[in-house]
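K.L.:
Line by line, the protein sequences are chains A and B. Throughout the first sequence, residue numbering follows full-length UniProt numbering, covering 1 to 461 in sequence. Throughout the second sequence, residue numbering follows full-length UniProt numbering, covering 1 to 424 in sequence. Here you go, one structure.
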Amino acid sequence: MSDTEPQTDFDPIEPNTGREFEPVDVFPATEEFDLRPGADSCFKCSACDTSCPVAEVDDDFPGPKFQGPEQWRLKRREGHEIDDSVMSCSNCMRCDDACPSGVPLSQMHNTARGEYVEEQMSKTSVEYWRNRVLSNYRTSAFLASKVPRLANVTMNFGPARWLMEKTMGVTAEREFPAFASTTFREWWAERGGADESRRRARAHRERRGLDRDADKRVAYFHGCYSNYNTTEVGKAMVRVYERYGYEVVAPEQKCSGTPMFANGMLADARRHAEVNVSSMADLVEQGYDAIASCTSCSMALRQEYPELFDIDGIETVAANTFESIEYLRIHEDLKADVREARVSGDLAREFAYHAPCHARNQGLERQSVELFGDLEGAGIEDVGDSCSGISGTYGWKEEKYETSMAIGEEMFDHMAAADGEVGMTECPTCAMQMEHGTGYEIRHPLELLEEALVENPRSEP
Amino acid sequence: MAIESEVLVVGGGLAGLTSALAAAREGADVRLVSYKQSSLRHASGLVDLLGYTSDGEGPIVDPYAAMPGLPDDHPYRTVGVETVREAMALFDNVTDYRGDHTDANALVPTHGGTIKPTARYPAGAAAGLASDDRNVLLVGIESMTDFDAPQAAAHLEAAGVPFDVRGETIRFPGDLRADAKVTRYAKLLDANGEVAVRGRTRGARDALAERVNTVHGNEQRVGFPAVLGDQRTDAVRGALEDRIGTDVFEVPMGPPSLPGLRLEEALFEALEESGASVETGNPVVDFDAEGGEIETVYIEKNGALIPNRADQYVLATGGLVGKGIESDRDSVREPVFDCHVAHADDRYEWFDGDAFGDHPFAQFGVETDETLRPLAADGRVEFENLRAAGSVLGGYDFAAEKSGSGVSIATGYVAGNTAATEVR
């Protein structure tokens, strides 16, 4: 401090003493989140680098410590461009969980990737459009769901796939997932929607000796995949929740944004997030909790939304969003119910369970194994903590396919070594990779929970 | 409702893992919650008990014999020497570590070329002991600046080791980046992945051995930085031993450390086998207490508070580095349960003027009764059902004594065992 500065009562130890302190008065208001405190918290221990599945196999990828705090510092300098290696980050977000200092690594990566795509990537390039199409899966799925049988045939038609790889850079190695002939929402509407769900929830409450009008209401964020592809997961969610006396609503919703974050398409993601937040915020206000059955969807609503967007109600939605089994585990005696149950038939199997990275980051990595360990008639084995490698759209890109499979190799080995020959996971794209690498059929934990707890689940259409 | 267990352990480092294991093996229903991934990846992977006395004397030959001479408030004095032995037996039971054939400390060369007295070491470090008189070649990797092999060799010579030691630096085969992560080297060797050497591709293990053979003389053992595989370390080491024709060992490295990661994995696996439940990724931010007992703790997930309830609790959140003890300019505190941490009012008394002096801050932590229950400033027990373990405890300077792992294992064992006994 210079001697020429006037004497004040400013105390550097307690700078706010005796006056109102408004940080926004000091720095000009900005739309951007200030990542400086995060960058400053990094003490270069490199724990994040050891948790990165891409840096373990890809010799061109400099790792999360570089992508996060180091790149953030470098780009403070005028004229410094974002390193294009940020596009090789798969957005698994494991680095968040590794950092002992709370550096918001994935937020930094998402921000840098968004900036890279916005300012440095050519909007006429094949890569840009390929990424845009891949990350707007909801749009493709919506169109395909209008003609599901035709889509299922043409999307996996050899020559068409060859052409897609050559012109778009979408790998021909993978099979596109099948589209359901009836979407979850069509089934839901047909079934009677929220009114029918209330009726059933009340019946179950009475059966369980609960107050008929108990305040048990949830808003289901089914996401795109349960709606267009694995509708059985969505139906299982509804039936299991109703059995516990919850009224379910399925509000208007768009894509969670997960594939868009991973591709730096932040404007697209924001447009979808605005719809989702607005839907969910109103419901949360009325006492509903938001429930997702896909762990990447719940991750987006809980963490990425408030980290990346400033939308009215976003914090409230984040604080009231839960993964479907996590929520029941908190509010019901799920463990005891599963312990008393037994399954037979189709799902009386040994399962090789893989915890998705995004489940891991929400602390849910052991939940299914711990829950179903006591279930009579079925077995479950954790295939370890490696990443599946597909990371949503990542493994669908022709130039990332090899990396994706190299990451997945450890999981494939562990699945082969496990007793079960049916896989289990919460994440739709992990499921694709598990199936692709082993040929196993892959199920969602909600399906097994439904089988264990709901009587004659398939008695309704 | 809440997520329930009989014993809830807060913290996923060596102390937390040991207490959860001990409690689960006693038959308790145990849950372990950890804010972040385990701090073990910052540790060398060596497991020390006591290398130097509190007065800096040593290296100590027999740590058990030296424990009764430690100050009264040292955690080893609180739990007693016999209990330390029992705790180490549990550790030996769940890991594949060496050194349990003797009470004496082993002398293990470090990546800085110093000699560390330690009680247990991974199998991969066994051929490197300084008490062995066979000559040593240390092999450094050009891009791994943490390990300067010629300098480490010179340091060991200067320390008077009973063998000749030479250091050579080679380039790791293949086109790895200059800042490749330790996990990249490990993965490549685990998978014996193909690398290109002068236009020919070959397995990484072969290629590495060939590079070493060009600088290898008549030394009977060869030491590498600890990157020799993650999942298949024995196979990697065995392959190198075959092709070089000598014993091969790993030199423990600084963070991030593969031997630390491997130990983390072994302990979590043992914990899963014991039937305990585990959750990582979210912090404990609040708790309810009633009548001197903790009733519920709350885990925060993006603004939501998830209640977790148990009969007995173990606090194993680490010390100043692990953030189980926090400080600002005014005070030093334990942030989860706000247990009392004794410290001078004047922060200038928290440290010594000499950088390597006897710093009071190094011993900051909670004080406990004989069953490891934290004590308030007036000497009363803070909570009837809370025990503390590991570096959240005060009264010892693990960095100076080389006692960090041993105190974590011993106090973790006692905290876990006692908690399990209480719920029976």
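Glycine is no exception: its CB is placed at the ideal position from the N, C-alpha and C atoms.
Is there a C-beta anywhere in chain B that falls below 8 Å from the one on Arg-443(A)?
P.N.:
It does not: the Cβ of Arg-443(A) has no partner Cβ on chain B nearer than 8 Å.
K.L.:
Beta carbons nearer than 9 Å to chain A: which residues of the region 155-177 of chain B have them?
P.N.:
Within the region 155-177 of chain B, the residues whose Cβ lies closer than 9 Å to some Cβ of chain A are Gly-174, Asp-175, Leu-176 and Arg-177, listed in chain order.
K.L.:
Which complete beta strand (DSSP E) runs does the region 2-61 of chain B hold, if anything under 3 residues is left out?
P.N.:
Whole beta strand (DSSP E) segments, 3+ residues: 7-10 and 30-34.
K.L.:
Per DSSP, what kind of secondary structure is Ser-404(A) in: helix, strand or coil?
P.N.:
Ser-404(A): helix per DSSP, three-state reduction.
K.L.:
Cα separation between Val-248(B) and Pro-53(A)?
P.N.:
Between Val-248(B) and Pro-53(A), the C-alpha separation is close to 28 Å.
K.L.:
Under the three-state reduction of DSSP, which class applies to Pro-62(A): helix, strand or coil?
P.N.:
Coil at Pro-62(A), not helix or strand.
K.L.:
So which residues of chain B does Cys-45(A) contact, with C-beta pairs closer than 8 Å?
P.N.:
Going along chain B in sequence order, the residues near Cys-45(A) (Cβ under 8 Å) are His-42, Pro-255 and Pro-256.
K.L.:
Spell out whether any CB of chain B is found under 8 Å from the CB atom of Ala-219(A).
P.N.:
With 8 Å as the cut-off, Ala-219(A) does not count as an interface residue toward chain B.
K.L.:
Bridge partners of Ser-277(B), per DSSP?
P.N.:
Paired residue(s): Arg-31(B).
K.L.:
Could you compute how far the alpha carbon of Phe-184(A) sits from the alpha carbon of Leu-372(B)?
P.N.:
Roughly 55 Å between the two C-alpha positions.
K.L.:
Any contact between the region 443-459 of chain A and the region 371-391 of chain A? By contact I mean 3 or more CB pairs, one from each, below 8 Å.
P.N.:
The answer is yes - the region 371-391 of chain A touches the region 443-459 of chain A, with three or more Cβ pairs under 8 Å.
K.L.:
Along the alpha helix (DSSP H) that carries Phe-91(B), what are the first and last residues, could you check?
P.N.:
Phe-91(B) -> alpha helix (DSSP H) spans 81-94.
K.L.:
What beta strand (DSSP E) runs, 3 residues minimum, are completely inside the region 415-457 of chain A?
P.N.:
Those beta strand (DSSP E) runs which fall completely within the region 415-457 of chain A and span 3+ residues are 422-424 and 441-443.
K.L.:
Could you tell me which uninterrupted alpha helix (DSSP H) segments, each at least 4 residues in length, are contained entirely in the region 99-170 of chain A, listed from first to last along the chain?
P.N.:
Runs found: 105-119, 126-135, 137-146, 148-155 and 158-168.
K.L.:
Compute the distance between the beta-carbons of His-354(A) and Val-383(A), then report whether it is under 8 Å.
P.N.:
Closer than 8 Å, so yes.
K.L.:
What would DSSP say about Lys-397(A), mapped onto helix, strand or coil?
P.N.:
If DSSP states are grouped into helix, strand and coil, Lys-397(A) belongs with the strands.
K.L.:
If you compare alpha carbons, which of Pro-428(A), Glu-206(A), Val-277(A) and Ser-226(A) is closest to Ser-181(A)?
P.N.:
Ranking the options by Cα distance to Ser-181(A), first place goes to Ser-226(A).
K.L.:
How many Å lie between Pro-225(B) and Val-251(B) at the Cα?
P.N.:
Each residue's Cα considered, the two are about 5 Å apart.
K.L.:
With burial defined as no fewer than 16 other Cβ atoms inside 10 Å of the residue's Cβ, what is the status of Asp-62(B): buried or exposed?
P.N.:
Asp-62(B) should be labelled exposed.
K.L.:
Going along the chain, which residues of the region 273-307 of chain B sit with their C-beta nearer than 7 Å to a C-beta in chain A?
P.N.:
Residues passing the 7 Å Cβ filter: Ser-277, Val-278, Glu-279, Thr-280, Gly-281, Asn-282, Lys-301, Asn-302, Gly-303, Ala-304 and Ile-306.
K.L.:
Out of Gln-107(A), Ala-267(A), Glu-56(A) and Phe-157(A), which has the shortest C-alpha to C-alpha gap to Asp-119(A)?
P.N.:
Correcting the residue type first, residue 119(A) is Glu in the shown sequence and not Asp. Closest by alpha carbon: Ala-267(A).
K.L.:
Is the shortest distance between the beta-carbon of Arg-329(A) and the beta-carbons of chain B less than 8 Å?
P.N.:
Chain B, which has a Cβ nearer than 8 Å to the Cβ of Arg-329(A), makes this yes.
K.L.:
Between the region 300-314 of chain A and the region 269-279 of chain A, are three or more C-beta pairs nearer than 8 Å?
P.N.:
In short, these stretches touch, since the Cβ pair count reaches three.
K.L.:
Based on DSSP bridge pairs, tell me the residues matched to Gly-223(B).
P.N.:
According to DSSP, which records beta bridges pairwise, Gly-223(B) is partnered with Leu-138(B) and Phe-249(B).
K.L.:
I'd like to confirm the pairing. Which residues does DSSP put opposite Tyr-220(A) in its beta bridges?
P.N.:
Answer is Ile-291(A), bridged to Tyr-220(A).
K.L.:
Determine, for Asn-110(A), whether the minimum Cβ-Cβ distance to residues of chain B falls below 8 Å.
P.N.:
So, not an interface residue.
K.L.:
Do the region 88-105 of chain A and the region 41-48 of chain A touch if we need at least three Cβ pairs shorter than 8 Å?
P.N.:
Counting Cβ pairs under 8 Å, three or more are found: they touch.
K.L.:
Quick one: give me the first and last residue of the alpha helix (DSSP H) that Gly-406(B) is part of.
P.N.:
From DSSP, the alpha helix (DSSP H) with Gly-406(B) extends over 404-423.
K.L.:
Would you list the one or two residues that DSSP bridges to Gln-231(B)?
P.N.:
In the DSSP output, where bridge partners are listed per residue, Gln-231(B) has none listed.
K.L.:
Using the C-alpha atoms, what's the distance from Leu-137(B) back to Ala-149(B)?
P.N.:
Straight-line Cα distance between these residues: approximately 9 Å.
K.L.:
Relative to the C-alpha of Ser-293(A), which candidate in Asp-312(A), Ala-359(A), Ser-145(A) and Arg-113(A) has its C-alpha closest?
P.N.:
Cα-wise, what sits closest to Ser-293(A) is Ala-359(A).
K.L.:
Taking Cβ to Cβ, would you say Arg-132(A) is nearer than 8 Å to Cys-357(A)?
P.N.:
Taking 8 Å as the Cβ cut-off, Arg-132(A) and Cys-357(A) do not qualify as a contacting pair.
K.L.:
Measure from the C-beta of Met-1(B) to each C-beta in chain A and report whether the shortest distance is under 8 Å.
P.N.:
Yes, Met-1(B) counts as interfacial toward chain A.
K.L.:
Would DSSP call Asn-282(B) helix, strand or coil?
P.N.:
Residue state, collapsed to three classes: coil.
K.L.:
Secondary structure at Ile-380(A), three-state DSSP: helix, strand or coil?
P.N.:
Strand.
K.L.:
Please report the distance separating the alpha-carbon of Ala-144(A) from that of Leu-134(A).
P.N.:
Roughly 14 Å separates the two Cα atoms.
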